[in-house]
Amino acid sequence: MFALLYALFFLPFGYRGEKALVKLFEDDIKTKEVLSWQGLHLLHFNASSCSQKTRIVLNLKGIAWQSHPINLLMAENYDAWYLGINPRGLVPTLVHDGNVFIESNDIITYLDETYTEPKLLTKALRPAIQEQLELEDSLHMDLRTLTMRFVLPDFLARKPSKALKQSEDFDGTIGGIADNHSKKNTDFWRLQAEQGITERQAVESILKFQDAFNTLEDRLKESSYILGNRLTLADIGWFVYAQRLKATGYPLKRLHPNVSSWHTRLAMTKEFASEIREPIPLKVIRNLYKVTLMARRTTLADLSGI
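Numbered according to the working numbering, the sequence shown terminates at residue 322, and the numbering increases by one at each position without gaps.
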């Protein structure tokens, strides 16, 4: 009932003049079975940073939820069944009493409004938290770029052309309007399949993150968390990015010691630790790929000089 009232009175207008959360209308949803799902359901992938972020919030709030794994390595996110729930083909997707929410920052905002304890998006810090989440989100494609260049070998990273065509051919809408986000994603994957991630792309993304983490470094010199002395959604958003950057070979501890200490402290808490455990097969593949990059002298450090 709360989810329905929330959808009716808050989502169409946003919060106090802010951008509305991305929630699908009933007509947007082609996979109709989810309309009858009761309770909280999360469609997600274990190693997805955006999925990790959402699961951390669920853990911190002690919320019961049902898991629906979507295997990105098998391109299950481009199956018609999943596109019928999330036309963008991204994870995670939240279904709450038949209401469908996409975009991870919108999902964690919704969770904090719906389940108020512990509060991670306080009224006083709301503008600052949203600013941090928007900055983090603006680097999403850069995170993907670095992941595909330094974490996953091509045979795992490349999306099958059949899956991309399924996404391109899918007639999906969000809020009743045709959405261009899916094209942006398929364009990325097609270019990645054709030419890989170029050195120039990688270095540009590295420098963007270095600049962003320099700012976080200054913040964390003065406080225990990014926006003061309490944990907020801003910390959770940046935590999963720091976690992924470490996997790329980015020298977080050397360049940003305060960020590294903050990340280590959070990673030791059970609510965070449980969501960043890497599946053994993926860890083995990543480490073998790391050795390959070292042998070729094409690691992140080799290309960027940092």
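Heads up, the beta-carbon is just placed ideally off N, CA and C, and yes, glycines get one too.
Local conformation of residue i per DSSP, three classes
| i | result |
| --- | --- |
| valine 167 | coil |
| isoleucine 292 | coil |
| alanine 143 | First, the residue type needs correcting, since residue 143 is proline and not alanine in the sequence shown. Helix. |
| tyrosine 241 | strand |
| histidine 300 | The sequence shown places valine at residue 300, not histidine. Reduced to three states, the DSSP call for valine 300 is helix. |
| isoleucine 190 | strand |
| phenylalanine 41 | coil |
| isoleucine 118 | strand |
| leucine 316 | helix |
| serine 83 | strand |
| threonine 248 | coil |
| histidine 60 | strand |
| phenylalanine 26 | Unreliable positioning characterises phenylalanine 26 in this predicted model, as indicated by a pLDDT of 37, which lies under 50. The coordinate reading is nonetheless provided below. It is coil, neither helix nor strand. |
Residue from the options with nearest C-alpha to residue i
| i | options | result |
| --- | --- | --- |
| isoleucine 322 | Leu268, Thr285, Ala144 and Ser277 | Leu268 |
| leucine 137 | Leu99, Leu247 and Leu89 | Leu247 |
| threonine 314 | Glu129, Gln208, Ile213 and Leu261 | Ile213 |
| aspartate 227 | Phe204, Leu151 and Pro143 | Leu151 |
| leucine 232 | Leu149, Ala263, Ser177 and Leu207 | Leu149 |
| threonine 125 | Gly265, Gly253, Phe61 and Lys306 | Gly253 |
| isoleucine 190 | Arg281, Met90 and Glu119 | Glu119 |
| arginine 142 | Leu249, Arg281, Thr264 and Met90 | Leu249 |
| methionine 284 | Leu271, Gln259, Asn303 and Ala263 | Gln259 |
| tyrosine 241 | Ala311, Trp97 and His279 | His279 |
| lysine 299 | Arg312, Ala263, Ala289 and Arg281 | Ala263 |
| leucine 180 | Pro295, Lys200, His156 and Leu271 | Lys200 |
Distance between beta carbons of residue j and residue i, contact taken as under 8 Å
| i | j | result |
| --- | --- | --- |
| leucine 127 | valine 73 | 5 Å |
| serine 239 | asparagine 245 | 6 Å |
| threonine 47 | isoleucine 86 | Contact doesn't hold; Cβ gap of about 12 Å is too wide. |
| proline 103 | aspartate 195 | 6 Å |
| leucine 58 | histidine 84 | 7 Å |
8 Å Cβ shell around residue i - same chain, five flanking residues per side excluded
| i | result |
| --- | --- |
| glutamine 217 | Thr161 and Arg165 |
| glycine 55 | Ala80, Trp81, Gln82, His112 and Asp113 |
Beta-carbon proximity list for residue i, same chain, < 7 Å, skipping 5 on both sides
| i | result |
| --- | --- |
| serine 183 | Tyr94, Leu99, Gly105, Ser198 and Thr202 |
| glutamine 68 | Val256, Glu291 and Ile292 |
| glutamate 215 | Leu319 |
Cutoff 6 Å; reference residue i; Cβ partners in own chain excluding five residues on either side
| i | result |
| --- | --- |
| leucine 76 | Glu287 |
| serine 276 | Leu268 and Lys269 |
| phenylalanine 186 | Leu99 |
| aspartate 158 | Ser221 and Lys224 |
Proximity below 9 Å, CB of residue i to CB of residue j
| i | j | result |
| --- | --- | --- |
| valine 107 | serine 64 | yes |
| asparagine 121 | aspartate 153 | yes |
| valine 167 | serine 320 | no |
| phenylalanine 225 | leucine 261 | yes |
| isoleucine 301 | tyrosine 266 | no |
| lysine 237 | asparagine 274 | yes |
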